[in-house]
Structure formats: structure tokens, C-alpha cells
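In the UniProt record's numbering, the protein residues as written are 1 to 1143. Have a look at the structure below, then the notes.
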Amino acid sequence: MGASSPPDANLLARLERQEIVTDLSQRALETDDLDQFRRDAAAAVTETLATDYCVLLESLPDGENAVLRQCVGWERDGERTTIEIHPDSQTGRTLRTAEPVVVDDLDTDEGFAAPEFLPDRDVRSSLSVRVGPADDPWGVLGVYAAERRAFSDVDGDFLRRVVTVLESAIENERDRTRRERRFDAIFEDPNVLVGLLEPDGTVVDVNETAMEYVDADREAVTGEPFWALPWMGTDDGIRSVGRQWIERAATGENVDFEVGLGRSGDERAAFEGVCRPVTNDEGAVVSVVVSARDGTVPTDHEPELATLMDNVPGMVYRCRNERGWPMEFVSDACDALTGYDPDTLESGDIEWGSDVMVQADREMVWETVQRETRAEATFSETYRIETADGEIRWVRDYGRGVFDDDGDLVAVEGIIADITERKRLESDLEQYREYTDAILDTIDDVFYVADREGSLQRWNQRLVEVSGYTDAEIASMEPLALFDGDDERAVSDAIREGFETGTATVELALRTKDGTAVPFEFTASRLEDPRGNTVLAGIGRDITDRLERERRLEESERRYRTLAQRFPNGAVGVFDRDLTYTLAEGAELGETLPSADRLEEDRMPDIFPDHTADDLEPLFRAAVEDGETDSVETAFDGRIWRVWATPLRDEDGEIFAGLSFAQDVTERVERKKHLERYETIVEVVNDGVYVVSEDGRFTMVNETYASMLGAAPSDLVGTDAGAVVDDAVLERIAELEAATAAGPIEWPTIEADLQTAGGETLPVEATFEILPTDDSAWHRVGVVRDISERKDRERRLEESERRYRTLVENFPEGAVGLFDETLAYTAVGGQLYDEVGIATDDRVGNSVSDIYPESVLDEIEPYFDAALEGETNAFEIEFYGRHLYAHTLPVRNADDEIFAGMVVVQDVTERREYQRKLEASNERLEQFAYAASHDLQEPLRMVTSYLQLLEQRYGDAFDEDGEEFLAYAVDGAERMREMIDGLLEYSRIETRGDPFEPVDLDAVLEDVLADLRLRIEETDADITTAELPRVAGDPSQLRQVLQNLLSNAITYSGDDPPRIRVGAERRNGEWVLSVTDEGIGIDPEDQDRVFTVFDRLHSREEYAGTGIGLALCERIVERHGGEIWVDSEPGEGATFSFTLPAR
């Protein structure tokens, strides 16, 4: 016996959920213990959804707190648990929506925290649904899982359906409570005798008022016949006719009676009473209520009647027996039931039969009342009404007829109760049943439900189709009648196993109506039906085809086993669609492969390690599922196997199994790998490879060697190998072969010239090895490398060294040296060596560390190392009492490879002395310029002052020419002042500048633009800027350069508004900054003049200025170690660029 297959289990799971909802719905209609029902519902939800906890919360009237009513998954103390409902908590959100609220992960979902009632438990995921309507929710039902899981829409729908049933049970309980309160009010009325009886007259209960007229205590009365009680003061009226009253009431009749009773010490009184039957939904009498009142005592019955009607669960009415059922009286419950005021119905404005009762039910109700009341019996009928707001409701009408003296039915009176909710639940139950039946009828297998005796309680249409019996015939069968007598024991054993263990599986034949025995496999699972009975539900599957396949497979296995037993160097296996081996044979089983006992009846993926199974499973599945034949190599237990798989087909061409062959190919694979590696090396290597036999002929050449000779490999194999080299090489090889015959030697590398097919020679170097072959002969294997490029490099290197050596030996006014990677000089020379009296031969071959003192070595060695790394550097050093300026740089060959370094040294002693004198001269010149400009400014100010005084005192005396001459004089003096100031500033560029510091040119440019803001606005200039670098410099002078260039770009913009761009780019270790305009431009012939002091390209009438601005820019840029230039064409604008060292 085994468990159900996965498809069967899934179907049973779906059915189980349907059965759970159906069971809970039925119990919701019947239960009188709401707490137990809630516990059962919570437990069913927890088990079905496989969660850790289930919680039912009841919202309190304040809407801000809730009470924990049910919990599953942990023990709770007996105290009432009240929690606060936060609006953003899961409980708060659930109460505000009709849809299920799902939290996949409380650790990551924002806005959700662990439930307040599970603070000490690890909860990751949850699902919750509101209980009750949105305007008045009762509470929340939720499930919680400790592990993260994704609740599906199906889970949410199941929980919502359980909530619907729970809502019905809660509402039923509320109705029951209201009815009980009403009954208590009536039952405890001190003026009315009330007794509750079984239909046979046995006393269930009587009220205290009735007990005052019975000569016994309550315990003695309960369980006794009503008419046999020791009534006091009676004239035996109850004893003689009481049985008849009860028997008539038990048939559904309302029985009126009068009887005399008296209490101890009182006179007997005449009581008027009635025996009323109480029926269920099917109309069966389930109890009898006896009530009586003292008719001799005047009493105001209105309050009591009002109390009675108010506590009746429905609308009390009396109407005339006419088609429209015109109401003579209705109780106040009319408003709640129909939405109409009682006066509206009693006045006739609204008629019950024509305005409230649904038209489709009117005739049915009329016929029922006329028929059922004919024998003065009560009636009970269900029909629909339409309320004042258009809602359709279901009602149950419990009534009796009122007859006149002629026995004609003249009126009807009774109670009409709202049963809409009950009808909805009944409809849901019916839909669930229809849905379940539809599912069961669509499956290809037999579905059944059986009791402990084997009687079928339920089945699907498939059983009818297979067996040939009708539903009625199956229902009337004896238990196990569908099976042969020989199989009854097996069926009984399977039924017992199913009830004991929960599952069972059995294979046996089902006997059809025409006597055919159909083999079936029956699986079953234990369930509880809606009535609480334990049953077996399961699936029956026709296995005729499977048994036939198994038979054919057994025959095939016998044939294949014979083949497999003779299979050499491997193994043969047969496997089914589940990849389970049904046969395994072969010489390797139990040796390098698992034994046959280990393979047969076990699945391939469970036998072999993961990496082997991963290789084989796609191969095997392709054979049994797709009909493909293929093979794969895989590794197992240190060996390599080639495994083939092919489908096995029956007579109809259907695949029923797969056949596998496995052979150990370890040695073959290894040989193949060695050969592939050898061939790869031989064919891919850049060297030529050949093999020459003892008779001197090529037996193998690779593509590289053949291409060296300008031939194809096939053209060379079999030819004389000596034809491609000269005799000297052949003689050397013969000597080495002779020496090898005497004993092992190490063959040297030989250089030779190969004779190509084109008649040219190719310089090569070759290494050789003598190897034996399988026939004990000797072969010479040669590896040949083309060294023509190397020879060419050596030649060019020699030529380069000769040139460098000539340069070194004749270098004027200095010295030159070549050094290798060890910093040893390979060549030196130059007039400086002669001047300081050092012989060049003393330098060649010696390292700088051997030649120079440590103080010099520490300074120059880093530059020598950097030259060998590809860097060029310049530095100054004092040595031999001279001031030397040195350059170190790499020396490269034709392939741009560094093979040496060079140092070039110049004696700049005299130049430094000249520079010193020049700087002193410049300083004196600057002092002179300052003094001159200072001395010139005094008389200039005096001239300017007297010209102004002359203009002020005698300006009116000048004629037109005089005024013009005076203006020329004033303007000339002003320009003279500007030129003197400019000349003074020009002379102070070097001496009066600030020390260099890090400068943010973006900030400098921002200040310049701020200074030029008015000119920019006046000219409508458009200036775009890119990001500028940080450099080392004098901030004030760099600002002067940018301001001068931008001001000129605005000035010389032409007639259009200025369009100016400021940018920077890094180039060869320095920054190039540029200011580009679209102005009038500069003729290329005049571009050098713009940087000359006082040299102007335009007249003063055209453009103002002193002609010294760009000269100042040039001096400033030169002070910063850069240069400045202009690129321009007339009418095309100009770009002024200058360089600054990068930091």
C-alpha cells in the first residue's frame, strides 16, 4: 500500500477545501455552541492552509480595541486579552477593506509590524480577512506563518469563504439570543401558564406560574406525560382530554381548550389555553407549547400581547382570506421586515399579496394556504417578498386558518420570519456541491466516497460510464458488489488500512455490468464528511494499458537481458519513464559500475552522484519522452564512460521504455586528449615542427614549417630533408647523431639558413631530439624557429649603436653616454671628457654606482632608472666644478622597444654666468624704468595741471583752432600717463608678483565676470565657460590675464553682440586655456605684433588702449612657465591660448 499520486493528492486537496466549507456551512445552520464552532473553524483553517497560528479578533464598540476570541498555535491563559487596533496595523487595514490583506514578509514590508497578540513569536507572513460588513465589522480572522511564504489568491478565497460561514453562525447566534430573551420574557410571565412538551406529550419544562398549580416539584414533573401531572383543583378535564390535545397538536393543529384549575387555598378558576405545534424548516413538528390564562380574572391584555408580539421572532399578522391577503393587523416588526409602516399595510395602501409578495410566488402561496388549512391544519411556506427599497428577501410563513360558523376559511393569522441569510447559505452550499460535482465529473478517473463497510456514499459520472450501471443501480448495490468474491478480502484489507493509517492503495479488477473485469488501481484517503462521519475518499484509475505495457516490457526485458549478458567492456540497462532501471547486465557491473542489484528497481538519479546524473538525465528523458537516440560522455568513480540511450517501442510504435549502453572509454579518451594536445601544440605553435626518418626523409611537417619553405605539408612529406639546408649543417647533424648512438647527449641549438621553394634563404635556429618509434627505428624530431626578424633587429641595433657611438664620441660642448639595464655604460664620449681629463675607456663597462660618489649617485640614479621605464627627464647638477644640464631618455629599436638608456650632458657654466649677469642687468633696467617713470610722471603732472589751468582761465579767449590744439595737448598728456603706468607695470612682472600658490581658475574667472558685468550687460555679450583646472600660480596676475583677454574679446567683437567661449584641456603634462570670440579677427601677418609693447593694430579713433595689455599677458604667462599665442583669420574671430604647468 502507498500514498496517492500527486495529481490525485491535488484533486483530493481541492475537494477537501470544498468539503470543509460545506461542512462548516451545515454546522453554522445547526450549531448552538458558537465558541466551539469558532474553535473548529480556526483549527480547520490552520490545518488546511498549513500555517503556524490562527487568530479570531472581535472588534469592541469603540472601534479602537479588540478582544482575542480564538487562537490556534499557542496556549493562552484564561484571562481576557484586549489589544489596541492601530490604523496602520494589519488588523486596522483589514477592518477597512473587503479584500484579503496579505503580508509576504513582515521584515521587509513597510507599514506592517509583528501582530500585537504575537509579540514573542517569530512571524514572517500573514493573511487576514474582515468578518462582518464594512459599516459594522464584527472582527478579523487571520493566519500567520513563521517561515516566509506567499499566500495565493486561492488561499485568500478559501479564507474569505470560511469568514462568510462564520458571519452566518455569528448572526444565527445573535438571532437565537434575541429569541431566547423573548421566550424568557414570555416564559416568566406570572399571569400565563406555559409548558414545553415533546411531540409525544413528555414535559421538557414548565414555568413557575404553572408549577403553582401542580402538586409536585419540578424534578418530578420533567419527563412525565403532560396530562398525567398532579394538577390541583382540576375536574379531571386535563387528565381525560389532555392526551387528545397533544396528539392533535403533534399533527400540526392549533388546539384551543378550557380547563378548571385551582391553587392551594384558592377557588378553582376557568383557564383558557391553546396547544401550539412548533415545526422545523421541513414542516415536521418538533415540540408542542401549551399556554393558558385565567379567564375569570379581568385583565388588560394589551401590554402582555404587545410584549408577546415584540418578542416573537418575526412579524405577527392577521389577514383576510382574499387574493391580495389584505392585512387586518401586523406587528411592529413589519417595518424591520418589509420597510413599510404597519399602518400602510393595515390601511390597504399596500397589499401583502399584490405589492409585497413577489408575483412569481403568489399562486403557489395561495394554493398552499387553501390546501393545508382545509382540515384546520397549520401551514408553513417559504416565498419571496420585495421590500420598500426594492430588496428581495426570503421569508417563512407559519400560520393557521380562521374559520366562520359555517366552516369557511375567512382569515389567516400567523408569524412571518426573515430567512434570507439561511437561504443564502443554502444556495452557497448547493453551489459548492454543484462545483464539486462538476470537478469530479470532468476527471478521467473514478472518484468515490465509501464508509467502513465499503458502501458507496458518493461517486462521479466516470464510475457510471466504466461500470455500465446507472446511478440508481449503484446506490442499491450491496457493499463490494462491484468486485469479484476472490477480491473481497483485498478490498476489506484496503478499507481497514485506509481508516487506520489514513491512506491506502490496492490493485484489483472492477466487474462491469456486462461481466467484463477491468483492472483498476484504487487510492484512498481518510476524511470526515459534513455530518461528522469518517469516510474514505479516493480515485480509481484504469490500469489496463499500464499492465499491458508492463507485460510487453517483461517480454522485452527477457530479450534485452540475453543481449546485455553478452555485452563486452560495459553494461546494458533498460529503464522506464520514471528513469527506474528494470534491467541491468554487463561485465562491468559490480566492478567499475554499481552492481545489478543496486541498479535494478532504483531510479538512475538516486544511484549516481549529482554530476553524473546531471549528464545522464537529459539523455534518458530525451529517449523515453521524445524518442531521441543520442550519447554522452560522463565521469563516474574516476573512469570516463560513453553512454548511449535509445527508445524502446511496442508493436504500435509507442515508447514504453528506454535502453542504455555504457562503455568504459577512459583509455581511448586519454589517448585522444594526448593526441589532440600534441596536434594543437604542433599546429598552433609559431615554430616549425618536422620529423625525419632514419633514411633522411620527412615523415611529418606542420603548417608553420611548410610555410617557412613556401610549400604545402603534403608536398614535403617523403622528400629528402637534406635538400633544404647546406652541407655544413648536414655534417653537424650527422656528428650529433653519431654521438647519440654512443650514449645520450644534449643536442645544442643550431643556426642555419633554410632554402625556400622560391630560391631564397630563411635564417632559423633549430633544436633536435632523437626518438625511437614502435618499429625500433630512430626518428629525428626538429623544432625550427624563424629568426629573420631577430637577425634584422640585431643588424639594425648594430647600425644604431654605430650611429650612437659616432654621436657619443664626437658630441660637442658636452658628453653623451649609453647605458644598459644594469646602468652600466656601453658607450661614452664628448668634448667634456677631454676638458675634465677623463678617459672614456675608464667609463665603458662600469656602472654609475662604481663611478660617481654617493651624493651624486642619489641624485642621478632615479633619472637613469626612469629612462629605462620610458620616461624623459631633465635636471641640473654641479660636478667637476662645473654647472651641468643633463637629459636622460629611453633608446628604442625599430619595434619601439626600449633596449638602452641615454644621458646627454651639456656644460652650462658660462650660460649660467651670462644668465646671472642678465638678471642683474634686468634688475638695474627695472630700477631705471621705475625711476624714469617716476621722474617722468612729475613733469607730466605739471604739464597736465598747467594745461587744465590754461583751459579754465583762458578757454574763452581761444578760437576754434586754439581749442582744438589745447584738446590735443590734454589728450597727449593723458596718453603719456597711461603709457608710463603700463611701462612701470610691465617692468615689475617678475619682481613685484606674489608667490605661487594653488589657484582655482573657476573662482578667478567668476571674479573677472563680476568685474565685467556692466560691459557684458551693455554689449549683450554671451559668455560660455567650461570647467577650469586648479593650477599653481599668482592669483592676481592670472586674474589680470583672463580679464585682459575677455575685455579684448568684448571690445573687438564687431557689430554683433559678443559670443565668447572659455575652455581648458590637458595636453602633454600642461593645461591649455583658451578664450575664443567671433569678432573681427587678426591678419596672420600681424599676430606676432599684438604681443609687442606699444605696438597697436588699430588707430586710437577706432579702438582705445595703450597697446601694452597683451604684452603684459605674455610676461605673466612666461613667469608661470608657459607660452601664449593667437589663432585667427580676419572676420572669423580669434582664439587666444596660453599654457600653464599641470599640478
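Beta carbons: idealized from backbone N, C-alpha and C, even for Gly.
C-beta atoms of residue i and residue j nearer than 8 Å
i, j, result
"residue 194", "residue 206", "yes"
"residue 131", "residue 91", "no"
"residue 747", "residue 769", "yes"
"residue 70", "residue 44", "no"
"residue 891", "residue 815", "no"
"residue 504", "residue 487", "no"
"residue 1137", "residue 1072", "yes"
"residue 699", "residue 689", "no"
"residue 696", "residue 720", "yes"
"residue 857", "residue 898", "no"
"residue 103", "residue 89", "no"
7 Å Cβ shell around residue i - same chain, five flanking residues per side excluded
i, result
"residue 51", "143, 144, 145"
"residue 1129", "1081"
"residue 684", "Because residue 684 carries a pLDDT of 48, less than 50, the predicted location of this residue cannot be relied on, and the following value inherits that uncertainty. Around residue 684: no qualifying Cβ."
"residue 1008", "1039, 1042, 1043, 1046"
"residue 1034", "993, 994, 996"
"residue 226", "195, 197, 201, 203, 242, 246, 290"
"residue 357", "365, 383, 385"
"residue 840", "828, 829, 833"
"residue 1125", "1137"
Terminal residues of the alpha helix (DSSP H) in which residue i lies
i, result
"residue 707", "703 to 709"
"residue 850", "848 to 851"
"residue 346", "342 to 346"
"residue 362", "359 to 372"
"residue 873", "Here residue 873 belongs to no alpha helix (DSSP H); instead the beta strand (DSSP E) covers 873 to 879."
"residue 620", "610 to 626"
"residue 94", "90 to 95"
"residue 1124", "That residue, residue 1124, is in no alpha helix (DSSP H); its beta strand (DSSP E) goes 1124 to 1128."
"residue 44", "34 to 48"
"residue 716", "713 to 716"
"residue 130", "Where residue 130 is concerned, there is no enclosing alpha helix (DSSP H), although the beta strand (DSSP E) it sits in stretches over 125 to 131."
Assumed close pair residue i, residue j - CB separation to whole angstroms, cut-off 8 Å
i, j, result
"residue 536", "residue 573", "With 8 Å as the limit, residue 536 and residue 573 do not qualify as a contact, their Cβ atoms being about 39 Å apart."
"residue 277", "residue 253", "7 Å"
"residue 416", "residue 397", "5 Å"
"residue 538", "residue 523", "5 Å"
"residue 903", "residue 817", "5 Å"
"residue 1030", "residue 999", "7 Å"
"residue 580", "residue 602", "7 Å"
"residue 1049", "residue 1057", "The pair is not a contact, with the Cβ atoms about 12 Å apart (cut-off 8 Å)."
"residue 430", "residue 171", "Residue 430 to residue 171, Cβ: 20 Å. No contact."
Neighbourhood of residue i by C-beta distance below 6 Å, restricted to the same chain and skipping five residues each side
i, result
"residue 823", "847, 848, 864"
"residue 521", "507, 541, 543"
"residue 461", "441"
"residue 1127", "1135"
"residue 248", "255"
"residue 94", "101, 128, 130, 140"
"residue 72", "42, 43, 46, 54"
Enclosing beta strand (DSSP E) for residue i [first to last residue]
i, result
"residue 535", "534 to 542"
"residue 379", "379 to 386"
"residue 418", "409 to 418"
"residue 142", "139 to 145"
"residue 65", "65 to 72"
8 Å CB neighbourhood of residue i in its chain, flanking five on each side removed
i, result
"residue 5", "For residue 5, the predicted model reports a pLDDT of 47, less than 50, meaning its position is unreliable and no value from the coordinates is stated."
"residue 876", "883, 884, 885, 886, 908"
Residue ranges of each alpha helix (DSSP H) run of no fewer than 4 residues wholly in the UniProt domain "PAS" (432 to 502), ordered along the chain? 461 to 467, 471 to 475, 488 to 501
Whole runs of the beta strand (DSSP E) within the region 826 to 865, excluding any shorter than 3 residues: none
Identify every run of the beta strand (DSSP E) within the region 148 to 222, keeping only runs that are complete inside it and at least 3 residues long; order them along the chain. The qualifying runs are 192 to 197, 203 to 206.
Entirely within the region 723 to 760 and at least 4 residues each: give me those alpha helix (DSSP H) ranges in chain order. 727 to 742
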